[in-house]
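Numbering (this note's numbering), first residue to last: 275 to 593.
This is the structure:
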């Protein structure tokens, strides 16, 4: 079989995997994936359009929400073509160069999303703890710098990891565990010393996710401290309610992300279906659920979506 050929001449070609044991149902399995991708892309595009076109939403909170939508799509879109090529039996092959680009985009945007969630936590902190200085602290220029630094930091720190992968010899099986390329999946196929990649990857995860999650935690400690000082119970609930969407977004990203890392590193001999299930949750849940949560919890976004869907009905209601 070509996929398992040990010749280094095949090192430029890898073979993606669909759902092992369910190959005859791949066409049917592709339907829910197609629905999820369409929902995620459509909802995030709507949020971007609403934030761009509605002057009332030209505020820090909504700029950060637009960043979140961009990073969500940046995580999921690179996997879409390769996934459907496998599920629709078009081709399982993927060139090594395309695989490296796909890995770079997936991991870069996942780290960037973590940074955006930290920025959103700081936004909630300033809103609740320093409301009078909100506009002067979170200026459009500062928000743009935060977005650029978050993306640049994630992209630059991924380069050493993927640069080493580019020079690895792959003389074992060239069959990947997923329908797209992940760094932790790729390096297990290399017949070389991968200790640097393993250690650097763990350090990268600890530093980036660790610093971001610590920053989010500290922000909420100050937020809770400020909220508990509000005299009325209704006022406390109203303040906490403004954080509900962000807390859900944090859980939606971090829980599958940590779960996938744990599965790859400590459950190598578990069922392949567990790895595949966790990987798809990690990439598909944030783009699908984040827009739904924010549209339900945020009145302005909800009204903006209703206006896009049925503008005449909304206009007549307002009149």
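Just so it is clear, CB atoms sit at the ideal spot from N, CA and C, and this is done for glycine as well.
Next on the checklist: For the structure I just gave you, are there three or more beta carbon pairs, one from the region 509-516 and one from the region 407-420, closer than 8 Å?
Outcome noted: No, the region 509-516 does not touch the region 407-420.
Item to check | Helix, strand or coil at residue 441 according to DSSP, with G and I counted as helix | outcome: Here residue 441 corresponds to residue number 167 of the chain shown, with the count starting at 1. Looking at residue 441 - three-state DSSP - the assignment turns out to be coil, as it is neither helix nor strand.
Item to check | Cβ pair count under 8 Å reaching 3, the region 563-570 against the region 311-318 | outcome: Judged by Cβ distances under 8 Å, the region 563-570 makes contact with the region 311-318, as three or more pairs qualify.
Checklist entry - Assuming residue 500 and residue 402 make a contact with CB atoms under 8 Å, what is their CB distance in whole Å? => result Indexing the chain shown from 1 puts residue 500 at position 226. Indexing the chain shown from 1 puts residue 402 at position 128. Right, the Cβ-Cβ distance comes to about 5 Å (below 8 Å), so this counts as a contact.
Checklist entry - Cα separation between residue 503 and residue 495? => result Here residue 503 refers to the residue found at position 229 when the chain shown is read from its first residue. Here residue 495 refers to the residue found at position 221 when the chain shown is read from its first residue. Each residue's alpha carbon lies about 13 Å from the other.
Next on the checklist: Using a 10 Å radius around the Cβ and a threshold of 16 neighbouring Cβ atoms, would you call residue 340 buried or exposed?
Outcome noted: Taking the first residue of the chain shown as 1, we reach residue 340 at position 66. That one is buried.
Item to check | Assigned exposure category for residue 292 - 16 Cβ within 10 Å defines buried | outcome: Within the chain shown, the letter at position 18 stands for residue 292. Buried, by the Cβ-count rule.
Item to check | Minimum length 3: unbroken beta strand (DSSP E) runs contained in the region 351-411 | outcome: 367-369
Item to check | Per-residue DSSP class, three states only, for residue 296 | outcome: Numbered from 1 along the chain shown, position 22 holds the residue referred to as residue 296. Residue 296 falls in the coil class under three-state DSSP.
Checklist entry - Unbroken alpha helix (DSSP H) runs of length 4 or more, entirely within the region 532-576: which are they? => result 546-571
Checklist entry - From the DSSP output, which residues share a beta bridge with residue 288? => result Reading the chain shown from its first residue, position 14 is the one you call residue 288. Paired residue(s): 368.
Next on the checklist: Given a cut-off of 8 Å on the beta-carbon distance, is the pair residue 354 and residue 384 in contact?
Outcome noted: Against the chain shown, residue 354 aligns to sequence position 80. Against the chain shown, residue 384 aligns to sequence position 110. Contact: no.
Item to check | CA nearest to the CA of residue 347, picked from 313, 573, 333 | outcome: Stepping through the chain shown from its first residue, residue 347 is reached at position 73. Considering only 313, 573, 333, the residue with the shortest C-alpha distance to residue 347 is 313.
Item to check | Outcome for residue 404 when other beta-carbon atoms lying within 10 angstroms are tallied against a minimum of 16 | outcome: The sequence position of residue 404 within the chain shown is 130, counting from 1. Result: exposed.
Checklist entry - Can you name the start and end residues of the alpha helix (DSSP H) that residue 454 belongs to? => result In the chain shown, residue 454 corresponds to position 180, counting from 1. Neither: residue 454 is in no alpha helix (DSSP H) and is coded neither H nor E.
Checklist entry - Do you know offhand how far residue 295's Cα is from residue 470's? => result In the chain shown, residue 295 corresponds to position 21, counting from 1. In the chain shown, residue 470 corresponds to position 196, counting from 1. Rounded to the nearest angstrom, the two C-alpha atoms are 34 Å apart.
Checklist entry - Would residue 483 be called buried (16 or more neighbouring beta carbons within 10 Å of its own) or exposed? => result By 1-based counting over the chain shown, the position of residue 483 is 209. The residue in question, residue 483, is buried, as its Cβ has 16 or more Cβ neighbours within 10 Å.
Item to check | Exposure label - residue 600; buried when at least 16 CB within 10 Å | outcome: Residue 600 lies beyond the residue range present for the chain, which begins at 275 and ends at 593; the question has no answer from this structure.
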